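Novice:
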Amino acid sequence: MVKREKHAVTIYTRYERFWHWSQAALIFMLAFTGFGLHGTHALLPFEKAVMLHTFSAIALILLWIFTTFWNFTTGNWRQFLPHTKGLFAVIRYYAWGILFGEEHPHKKTLRRKQNALQGLAYLTFMVIIGPALWITGIIYLLYDVWNEIPGAADGLFIVAALHTAAAFLMVTFVIVHIYMTTTGKTPLHYIKTMLTGVENVELTEVERAYLAEEHPDRLKDA
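All residue numbers for the sequence shown refer to the numbering used here, where the first residue is 33 and numbers rise by one.
#1: Closest to F200 by CA distance: which of V122, F157, W178 is it?
#2: Go through its chain and collect everything with a Cβ distance to W51's Cβ below 6 Å, but skip five positions before and after it.
#3: Count the other C-beta atoms from every protein chain shown that fall within 10 angstroms of the C-beta of I97, then say buried if there are 16 or more, exposed otherwise.
#4: Measure the CB-CB distance between K38 and N232 and report whether it falls below 8 Å.
#5: Spatial neighbours of I130 within its chain, please: C-beta separation below 7 Å, excluding the five flanking residues on both sides.
#6: Determine the contact status of R250 and V122, defining contact as a CB-CB distance below 8 Å.
#7: Three or more C-beta pairs closer than 8 Å, one from the stretch 230 to 249 and one from the stretch 53 to 65: is that the case here?
#8: Indicate the three-state DSSP secondary structure (helix, strand or coil) for E245 in the structure shown.
#9: Drop a sphere of 10 angstroms on the beta-carbon of A81, count the other beta-carbons inside from all chains shown, and report buried for 16 or more, exposed for fewer.
#10: Going along the chain, which unbroken runs of the beta strand (DSSP E) with 3 or more residues stay wholly within the stretch 70 to 129?
#11: Apply the 10 Å Cβ neighbour rule to G107 and answer buried if 16 or more other Cβ atoms are within range, or exposed otherwise.
#12: If you measure between the beta carbons of F112 and Y154, is that distance less than 8 Å?
#13: To the nearest angstrom, report how far apart V208 and A89 are at their CA atoms.
#14: With the cut-off set at 8 Å, would you say T168 and A198 are in Cβ contact?
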């Protein structure tokens, strides 16, 4: 068995942190304006809510496009490859073990930051929920282009319903995500990690030597 030791490492790069927090801000803006457009609140004039919702959506789409490019050019996409190793152990931990102070079964490494459950959740977010939102949103936004097609009104209703359903899935994902951030060593542990990028992870001697040689700034306990 390969020997591993824990080290404080910058596991989340500056861009990953920028992506995370800017995406969070844009999603909150979209949810806030979206609920306003549906009449849940009247904190913004309708026209302003439409403008903010549209610009936030465009900004989020551009962020996703650039981040997809970044993930593939840096090889970070491998972090999101689905796998089932340890999946049921993680599910059991969150359903039962966490209530009795058991240790988390997943150990973060440089090669695998997310556990199996996180990986599946993020993959669903990026491959299903996200695309469903922006595809239906763009179709809705361009209604004037296709409104003369027979059955356009019914089509718009379906598009709006799908967009709203995807939006509620997004909100559900965010609520669960926020709850999960409180399940670390302390309620703010994961928040701090995503702000600083630093986490204690297990490294092999080879991985530590690689970081010391190629990325010494990422080793915080060197």
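Yeah, the Cβ is synthetic: ideal placement off N, Cα and C, and Gly gets one too.
In this text the structure is predicted, and so the values were computed from the model without any measurement.
Specialist: Straight from the coordinates:
#1: Translated into the one-based positions of the sequence shown, residue 200 becomes position 168. Closest option to F200, Cα to Cα, is F157.
#2: On the sequence shown, residue 51 is found 19 positions in, with the first residue counted as 1. Answer for W51: T99, listed in chain order.
#3: The residue you call residue 97 lines up with position 65 of the sequence shown. Flag for I97 reads exposed.
#4: Walking along the sequence shown from the start, residue 38 turns up at place 6. Walking along the sequence shown from the start, residue 232 turns up at place 200. Contact flag set, yes.
#5: Within the sequence shown, residue 130 is the residue found at index 98, counting from 1. So the qualifying residues of the chain are T215.
#6: Within the sequence shown, the letter at position 218 stands for residue 250. Within the sequence shown, the letter at position 90 stands for residue 122. No. Outside cutoff.
#7: no
#8: By one-based count along the sequence shown, residue 245 stands at place 213. If DSSP states are grouped into helix, strand and coil, E245 belongs with the helices.
#9: Translated into positions along the sequence shown, residue 81 becomes position 49. That one is buried.
#10: none
#11: Numbered from 1 along the sequence shown, position 75 holds the residue referred to as residue 107. Counting Cβ neighbours within 10 Å, G107 comes out exposed, since fewer than 16 surround it.
#12: For the purposes of this step, residue 112 is identified with residue 80 of the sequence shown, where counting begins at 1. For the purposes of this step, residue 154 is identified with residue 122 of the sequence shown, where counting begins at 1. Yes, Cβ-Cβ distance for F112 and Y154 is below 8 Å.
#13: Walking along the sequence shown from the start, residue 208 turns up at place 176. Walking along the sequence shown from the start, residue 89 turns up at place 57. Each residue's alpha carbon lies about 22 Å from the other.
#14: Here residue 168 corresponds to residue number 136 of the sequence shown, with the count starting at 1. Here residue 198 corresponds to residue number 166 of the sequence shown, with the count starting at 1. Contact: yes.
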